[in-house]
Amino acid sequence: MNDDAHDTFDVDAAIAALRAQLAPRIATTPDAVLVGIETGGAWIASRLHAELGLAAPLCTLNISFYRDDFSTIGLHPSVGPSHIPAEIDGKTVILVDDVLYTGRTVRAALNELFDYGRPAAVRLAVLVDRGARELPFAPDAVGLKLDIATNRRIKLTGPDPLRLTMQ
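Residues in the sequence shown are numbered from 1 upward in steps of one, following full-length UniProt numbering.
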């Protein structure tokens with residue numbers, strides 16, 4: 001659906017694509033731990049966790065204090081604790097975020113994650129890869145890949161219903 005100001009994308013189809021890419025990985029790594037980056041990544045991780053039937057509890061990261069861009073975006077108003085009820089030492093962690101853009105959120109999430117232990121591996125799953133990286137991160141699973149101008153913004157709102165728009 002398009003209008004003059006926004007493009008809207010099918011979130012359910014993007015999550016289904018992520019699930020299809022992650023299912024074979026999880027089949028070979030049954031002790032995988034799903035960790036969603038708050039807030040959008042946590043919403044997506046919650047859906048994936050339920051649909052994939054993971055044994056380990058769902059985890060969430062609040063990366064507010066690990067960001068390196070306070071001077072440009074300001075302190076995020078939802079500063080709060082991370083919730084890591086699963087053991088991550090020696091496990092495969094699937095880090096979930098809504099939009100992969102510069103890579104700075106992923107860098108901050110890795111810093112926070114390693115405060116809780118040392119995973120055997122970290123895999124990155126994103127709902128949207130919009131390109132234009134500033135740091136060398138690439139997703140292992142992608143729901144939707146877009147090549148858009150840097151002045152455009154992708155926004156996931158939710159959690160119920162989840163809605164993905166480009167402005």
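Even for Gly, the Cβ is constructed at its ideal location relative to N, Cα and C.
{"Query": "Straight-line Cα distance separating T102 from S71", "Result": "A caution first: S71 carries a pLDDT of 48, below 50, which makes its placement in the model too unreliable to give a value."}
{"Query": "Continuous alpha helix (DSSP H) stretch holding A45: start and end", "Result": "G40 to L52"}
{"Query": "Counted within 10 angstroms of its Cβ, other Cβ atoms place G90 as buried (16 or more) or exposed", "Result": "exposed"}
{"Query": "Beta-carbon proximity check, V96 vs A45, cutoff 8 Å", "Result": "yes"}
{"Query": "Beta-carbon proximity of I37 to I63, cut-off 8 Å", "Result": "yes"}
{"Query": "Expected contact under 8 Å - CB spacing of P159 and W43 to nearest Å", "Result": "4 Å"}
{"Query": "Candidates G41, L52 and R19, of which the one nearest residue 174 by Cα", "Result": "Given that the chain is displayed from residue 1 to residue 167, the structure contains no residue 174 and the question cannot be resolved."}
{"Query": "Residue span of the beta strand (DSSP E) that contains A14, given as start and end", "Result": "Where A14 is concerned, there is no enclosing beta strand (DSSP E), although the alpha helix (DSSP H) it sits in stretches over V11 to T28."}
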